[in-house]
Amino acid sequence: MAGTSSCIVSFSSTLRPLIAGEVLFDCFPDRRVLGGAPFNVAWNLRGLGSHPLMVSAVGQDEAGEEVIEAMRRWGLDGSALQVLPDHTTGRVDIELSGGEPSYRFWDDVAYDHIRVTDAVEAGSPWGIFYHGSLALRGEESRRTIFGLADRLDCPRFVDINLRPPHFDPDWTEPILRNAGHVKLNLAELVELAENAGLASAETVTAAPADDAAEGDETLRWQPYRGLAEELRERFEINNLWITAGKLGAAWSGGDAKWEAVPVTPVPQMLDTVGAGDAFAAKIIRGLSTEKSPRELLREAAAFAARVCGIRGAISVDPDFYAQTENRHDR
-11 MAGTSSCIVS
-1 FSSTLRPLIA
9 GEVLFDCFPD
19 RRVLGGAPFN
29 VAWNLRGLGS
39 HPLMVSAVGQ
49 DEAGEEVIEA
59 MRRWGLDGSA
69 LQVLPDHTTG
79 RVDIELSGGE
89 PSYRFWDDVA
99 YDHIRVTDAV
109 EAGSPWGIFY
119 HGSLALRGEE
129 SRRTIFGLAD
139 RLDCPRFVDI
149 NLRPPHFDPD
159 WTEPILRNAG
169 HVKLNLAELV
179 ELAENAGLAS
189 AETVTAAPAD
199 DAAEGDETLR
209 WQPYRGLAEE
219 LRERFEINNL
229 WITAGKLGAA
239 WSGGDAKWEA
249 VPVTPVPQML
259 DTVGAGDAFA
269 AKIIRGLSTE
279 KSPRELLREA
289 AAFAARVCGI
299 RGAISVDPDF
309 YAQTENRHDR
């Protein structure tokens, strides 16, 4: 798959992000909202001022019509969104416990059958190619996404979202190899390291101890820093972005470079749905600037914290995004 050699791997602000993967409805006990990690990233990027192209598929049903209309109203390019008459629009049932979500994804839905459209070729060259891991569960979508990764001449941003049983450990190599950027959380870091057979993974827990958020920053991250560097070197990943809840967030780059920032306080926690997607979107938005990894971490963590203060993963209020951009441009 196309790779790059330099650390950070930014892209020109004149080029657009290409986003591929699932669009679905997050179905809570009391409401239904648009979601799917790639869709959330594309939506957030549009809110932040970028013009991504969303490559996905919906069913020829009422839910699919809602997706199309929502994208139209938001100004999100839907020219690569396919409407499939033989498959329903994606859905995941979500239950919250203490603000933390658990997921049950419906099988064999439209986003399992994503294909490349003429809009992808017409929009080339692209600034960055983003894809997640959930849509890889469908063979047709997997061929499409891996095919794009092989032939596109732009940095690749991989957003890891491991949702059992929708991930095959055999995909670890093609997903990670030569990626410009990989975003994951601590549990996903440990799981992928185990899949890769890294010996150090056996000594690292998937979650920090209860008192891990206290004390020296270096000590707090120490169990994970070495594992991150080993995973990055094994698969020749340029940049590893790690979200870690109460530990904050971190970046691992070439030559054992490392940055970590503390968690951003959330004034009013409603739920964490979409926090990682917000983090990824803000990183991608920042990659078209000259900002340092530490600046990108701070801004992404702050934006993710703001999303934890709203219901669901995205906002339909342009001011929500304008306030985010204005704060960081000061």
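For the sequence shown, our numbering gives the first residue as -11, with consecutive numbering after it. Even for Gly, the Cβ is constructed at its ideal location relative to N, Cα and C.
Check	Outcome
Rounded separation between R151 and L122 - CA only	7 angstroms
Meets three-Cβ-pair contact criterion under 8 angstroms: the region 68 to 78 and the region 95 to 108	yes
3-residue-minimum beta strand (DSSP E) runs that sit fully inside the region 18 to 47, ordered along the chain	20 to 23 and 41 to 47
Cα-Cα separation, P253 to G233	11 angstroms
Endpoints, the beta strand (DSSP E) within which I102 is located	Per DSSP, I102 belongs to no beta strand (DSSP E) and is neither H nor E.
Residue closest to R273, alpha-carbon to alpha-carbon, out of E182, A288 and V43	A288
Extent of the continuous alpha helix (DSSP H) run through N227	No alpha helix (DSSP H) contains N227, which is instead part of the beta strand (DSSP E) from N227 to T231.
Cross-strand partners of E119 (DSSP beta bridge)	One point to set straight first is that residue 119 is His, not Glu, in the sequence displayed. Paired residue(s): A8 and V146.
DSSP state of S276 mapped onto helix, strand, coil	coil
Outcome for S(-7) when other beta-carbon atoms lying within 10 angstroms are tallied against a minimum of 16	For S(-7), the predicted structure reports a pLDDT of 38, less than 50, and the residue's modelled location is therefore unreliable. A value from the coordinates is still provided. So S(-7) counts as exposed.
Bridge-paired residues (DSSP) for P89	L84
Reduced DSSP secondary structure (H/G/I, E/B, other) of L186	coil
8 angstroms Cβ cutoff met for W159 and L140	no
For C15: DSSP bridge partner residues	R20 and D81
Which listed residue (D305, Y118, P26 and D265) has its alpha carbon closest to that of A290	D265
Pair within 8 angstroms by beta-carbon distance, I298 and L258	yes
For W209, the three-state DSSP class (helix, strand or coil)	helix
Exposure of V304, with buried meaning 16 or more beta-carbon neighbours within 10 Å	exposed
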